[in-house]
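All remarks here apply to the structure that follows.
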Amino acid sequence: SAVISQKPSRDICQRGTSLTIQCQVDSQVTMMFWYRQQPGQSLTLIATANQGSEATYESGFVIDKFPISRPNLTFSTLTVSNMSPEDSSIYLCSVEDPYSYDEKLFFGSGTQLSVL
Amino acid sequence: AQSVTQPDIHITVSEGASLELRCNYSYGATPYLFWYVQSPGQGLQLLLKYFSGDTLVQGIKGFEAEFKRSQSSFNLRKPSVHWSDAAEYFCAVGYNDYKLSFGAGTTVTVRA
Chain G
8 SAVISQKPSR DICQRGTSLT IQCQVDSQVT MMFWYRQQPG QSLTLIATAN QGSEATYESG
68 FVIDKFPISR PNLTFSTLTV SNMSPEDSSI YLCSVEDPYS YDEKLFFGSG TQLSVL
Chain X
-18 AQSVTQPDIH ITVSEGASLE LRCNYSYGAT PYLFWYVQSP GQGLQLLLKY FSGDTLVQGI
42 KGFEAEFKRS QSSFNLRKPS VHWSDAAEYF CAVGYNDYKL SFGAGTTVTV RA
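Residue numbers (the numbering used here), protein chains in the order written: chain G, 8 to 123; chain X, -18 to 93.
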């Protein structure tokens, strides 16, 4: 199964600044996903990041606010731009491992972001 | 559009007692159904999933879930809860294994 390292694990940021979250996988994967988990709410898919192509954003999320990079098959970043307190959430990276027997989707431990 | 409802925000259960977590979904077809667990500071871990076949699914850590098409439900159960089962549990649905819609989660507290 894929092992995911996500950094930072938590951060406290000022309004108007940007934060880049890194996701490193111990094996090559085609699809990586970024989720947001707002306080008391469900996980919401922000975008799908495939290597070599533009990220695909879900309804309600735009590239200017959440730019994503996917430079290779083991790494991705998500930037939360021009932050406001409403961006305070846990951001989760996940990857697909199609060769895994049963569990196909693996999650990082998340980045807890607080915006003041 | 698909949606997932977990009616119980928080459940407290005594160690050794049984546990049932409810999940209802709205979907256009028979979806892939999942239960994940998230312990503090950890990523989500898959407990079990259903996409076809036997409607009673066995998972890890002694959990099971039953798919009931007529009720659009996929409830999670465990006969005897251990203190280590204290965590947040998420039900999820999707067209495949990857792009999922999650419920808001149920926090389980286990008392001695």
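Note that beta-carbon positions come from the ideal geometry of N, C-alpha and C, so glycine has one too.
Computed from a predicted structure; not experimentally measured.
Interface with chain X (9 Å Cβ-Cβ cutoff): residue 35(G) is excluded. For the pair of segments examined, the segment 60 to 76 of chain G was found not to touch the segment 113 to 120 of chain G: the number of CB pairs separated by less than 8 Å stays below three. Here the C-alpha atom of residue 81(G) lies approximately 6 Å from the C-alpha atom of residue 36(G). Against chain X, the CB of residue 11(G) has a partner CB under 9 Å away; the residue lies at that interface. The beta carbon of residue 38(G) sits closer than 9 Å to some beta carbon of chain X. Excluding its 5 nearest sequence neighbours in each direction, residue 73(X) has C-beta neighbours in its own chain below 8 Å: -15, 14, 15, 16, 17, 81, 82, 83 and 84, listed in chain order. The way I'd put it, the segment 38 to 51 of chain G does touch the segment 87 to 96 of chain G; three or more beta-carbon pairs between them come closer than 8 Å.
At a cut-off of 9 Å between beta-carbon atoms, residue 44(X) makes no contact with chain G. Under the criterion of beta carbons closer than 8 Å, residue -4(X) and residue 89(X) do not qualify as touching, at roughly 11 Å.
Along the segment 0 to 15 of chain X, none of the residues has a CB nearer than 7 Å to a CB of chain G. Scanning its chain for C-beta atoms nearer than 6 Å, with the 5 sequence neighbours on each side dropped, one finds around residue 32(G) the residues 9, 11, 81 and 102, in chain order. The beta carbon of residue 82(X) sits closer than 9 Å to some beta carbon of chain G. Excluding its 5 nearest sequence neighbours in each direction, residue 2(X) has C-beta neighbours in its own chain below 6 Å: 57, 70 and 87, listed in chain order. Residue 89(X) has a beta carbon lying at 9 Å or more from every beta carbon in chain G.
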